[in-house]
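Numbering (UniProt numbering), first residue to last: 1 to 384.
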């Protein structure tokens with residue numbers, strides 16, 4: 001259920017100007033009703049004067065400018081103030097005087113520049129008006145004029161508060177938008193890292209192996225075919241990632257990349273890494289992002305095995321439960337430690353962040369035999 005909008009929200013809505021045309025007409029009409037005549041603001045104690053042509057002008061000057069107070073707040077306030085001065089000096093005391101604090105709030109909340117100059121000009125203009133009312137009237141004490149000035153200053157303070165509230169809200173929205181963009185850039189960077197690093201590493205390893213197979217045409221052809229297939233998978237995964245970046249793709253959780261875990265394992269085997277693969281259980285119908293995160297955990301772990309333990313026996317075990325997916329990838333330390341490329345550590349850090357976002361557990365540690373094991377428990381069903 002949607003709550004009622006707050007007053008500052010109503011004031012700063014783009015369609016708020018539509019509220020003031022009816023308000024101006026309502027105030028204009030009410031000022032002529034017998035029950036509201038001479039029941040407005042009374043400053044200086046002048047006796048009430050019957051309405052005449054100047055009264056109509058004073059009411060119109062105070063009410064009608066409110067319809068454009070959002071577009072021209074200073075002009076609106078200036079005309080309203082002139083109408084208010086005429087109203088008080090002639091002793092009409094109409095209900096239209098209510099427009100003065102409304103116009104003043106508009107100036108304080110909407111004007112971008114020279115707000116202080118407007119406040120000073122109004123204060124200076126108020127002095128001769130007070131002197132004239134004091135002389136024309138029965139001699140009201142100066143405290144009455146000071147009290148009215150303070151009341152009007154309160155309206156100015158309300159406008160300043162509205163302006164500050166709007167500025168704080170705009171800054172909050174800017175920060176939210178910036179944080180969203182930063183998070184999206186980080187997510188894209190993780191996806192590109194996972195896709196590019198794995199496939200390029202596999203291609204480099206396969207190409208290196210092909211250099212030593214020139215005397216065996218059949219095996220050379222298989223190795224080059226593996227490089228070609230890996231390139232095609234890289235292109236397919238990159239296209240899939242670009243589809244996710246398309247605004248028309250939708251907000252649903254992305255599925256695991258083309259081919260799935262079995263294709264990923266087969267690709268690693270063809271790169272010369274002995275991989276034992278076991279998958280238990282049946283994936284849940286609604287896993288959210290868990291499938292993709294599990295895929296990335298296996299992908300990054302196999303990439304590291306190719307880079308840092310090429311030829312070592314590697315084991316991949318994936319278990320699907322009703323509410324979570326468990327992944328364990330272990331590599332012993334018997335293989336070659338040669339690394340075709342340097343590592344930045346970004347991959348494991350990205351995996352930990354992915355799993356943490358879903359509320360899971362992630363660990364990566366070196367074994368006593370020199371091997372390495374990565375474990376992840378990923379809750380299923382989260383749309384993150």
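Glycine is no exception: its CB is placed at the ideal position from the N, C-alpha and C atoms. It should be emphasised that the depicted structure is a prediction, and the values quoted were computed from it without experimental measurement.
Check whether residue 111 and residue 73 have beta carbons under 8 Å apart: For the pair residue 111 and residue 73, the CB atoms are nearer than the 8 Å cut-off.
Cut-off 7 Å between Cβ atoms - residues of its own chain near residue 377, not counting five sequence neighbours on either side: Within the same chain, 324, 326, 360 and 361 come within 7 Å of residue 377 by CB-CB distance, once the 5 residues on both sides are set aside.
Identified DSSP bridge partners for residue 379: Under DSSP, the beta-bridge partners assigned to residue 379 are 324.
Residue nearest to residue 107 in terms of C-alpha spacing, selected from 141, 146 and 153: Checked all of 141, 146 and 153; the closest Cα to residue 107 is 153.
Anticipated Cβ contact below 8 Å, residue 332 with residue 312, distance rounded: Contact flag correct, Cβ pair sits at about 5 Å.
Per-residue burial, residue 303 [other beta carbons within 10 Å of its own, 16 or more giving buried]: Buried.
Spatial distance of residue 341 from residue 174 (CA atoms): Here residue 341 scores only 40 on pLDDT, less than 50, and its place in the model is too uncertain to base an answer on.
Residues near residue 251 by beta carbon distance below 6 Å, same chain, minus five either side: Only weak support exists for where residue 251 lies, its pLDDT of 46 falling under 50; the value from the coordinates is given anyway. No residues qualify anywhere along the chain.
Alpha-carbon to alpha-carbon, residue 103 and residue 157: Their Cα atoms are separated by approximately 13 Å.
Other residues of its chain near residue 130: CB distance less than 6 Å, five sequence neighbours each side excluded: The residues are 145.
Residues near residue 159 in its chain [Cβ-Cβ closer than 6 Å; skip 5 each side]: Excluding sequence positions up to five before and after residue 159, its CB lies within less than 6 Å of the CB of 105, 108 and 109, all in the same chain and listed in chain order.
For residue 412, three-class secondary structure by DSSP: Nothing can be reported for residue 412: it is not among the residues displayed for the chain, which extend from 1 to 384.
Length-filtered (3 minimum) beta strand (DSSP E) runs lying within the UniProt domain "DUF7134" (23-164): Runs of the beta strand (DSSP E) inside the UniProt domain "DUF7134" (23-164): none found.
For residue 162 and residue 465, the rounded distance between their alpha carbons: What is shown of the chain runs 1 to 384, which leaves residue 465 out entirely.
Beta-ladder partner(s) of residue 361, from DSSP: DSSP output for residue 361 lists 377 as bridge partner(s).
C-beta atoms of residue 329 and residue 374 nearer than 8 Å: In this structure, residue 329 places its C-beta atom within 8 Å of the C-beta atom of residue 374.
Within 8 Å, strictly: CB atoms of residue 133 and residue 27: Here residue 133 is not near residue 27, since their CB atoms are 8 Å or more apart.
Backbone secondary structure at residue 3 - three-state DSSP: With a pLDDT of 47 at residue 3, under the threshold of 50, the modelled position of this residue cannot be trusted, and the question is left open.
Three-pair Cβ contact test at 8 Å for the region 74-85 versus the region 32-40: Because the criterion of three Cβ pairs below 8 Å is not met, the region 74-85 and the region 32-40 do not touch.
For residue 180 and residue 70, the rounded distance between their alpha carbons: Taking the straight line joining both Cα atoms gives about 32 Å.
Residue 24 and residue 66 closer than 8 Å at C-beta: In contact: residue 24 and residue 66 (Cβ atoms closer than 8 Å).
Between the CA atoms of residue 281 and residue 272 - distance to the nearest angstrom: Cα to Cα, residue 272 sits roughly 28 Å from residue 281.
Cα-Cα separation between residue 138 and residue 40, rounded to whole angstroms: Taking the straight line joining both Cα atoms gives about 19 Å.
Paired residues, beta bridge with residue 319 - DSSP: Note: residue 319 sits in a beta bridge opposite 280 and 326.
Proximal residues to residue 11 (C-beta, below 6 Å), its chain only, five neighbours per side dropped: Here the model assigns residue 11 a pLDDT of 45, short of 50, so the residue's position is not dependable, and the following value carries that caveat. Same-chain partners within the cutoff: 162.
Residue 358 vs residue 293 beta-carbon contact at 8 Å: In contact: residue 358 and residue 293 (Cβ atoms closer than 8 Å).
Status (buried if at least 16 other CB within 10 Å, exposed otherwise) for residue 168: Residue 168 is exposed by the Cβ-count criterion.
Spatial distance of residue 258 from residue 113 (CA atoms): For residue 258, the predicted structure reports a pLDDT of 48, less than 50, and the residue's modelled location is therefore unreliable. A value from the coordinates is still provided. Taking the straight line joining both Cα atoms gives about 57 Å.
Which listed residue (310, 297, 370 and 115) has its alpha carbon closest to that of residue 353: Among 310, 297, 370 and 115, the Cα nearest to that of residue 353 is on 297.
Buried versus exposed call for residue 260 [16 or more other C-beta atoms within 10 Å across all chains shown]: Exposed.
Contact check, residue 266 vs residue 316, beta carbons under 8 Å: It is not a contact, given that the beta carbons lie outside the stated cut-off.
For residue 331, the residue or residues it bridges with in DSSP: According to DSSP, residue 331 bridges with 314 and 372.
Selected residue, minimal CA-CA separation from residue 135, among 57, 43 and 75: Among 57, 43 and 75, the Cα nearest to that of residue 135 is on 43.
Contacts around residue 422, its chain only, beta-carbon distance under 7 Å, and the 5 residues preceding and following it disregarded: Because residue 422 is not part of the residues shown, which for the chain are 1 to 384, the question remains open.
Local Cβ density within 10 Å of residue 150, reported as buried at 16 or more and exposed below that: Around the CB of residue 150, fewer than 16 other CB atoms lie within 10 Å, so the residue is classed as exposed.
Separation of residue 51 from residue 75, as counted between CA atoms: Straight-line Cα distance between these residues: approximately 26 Å.
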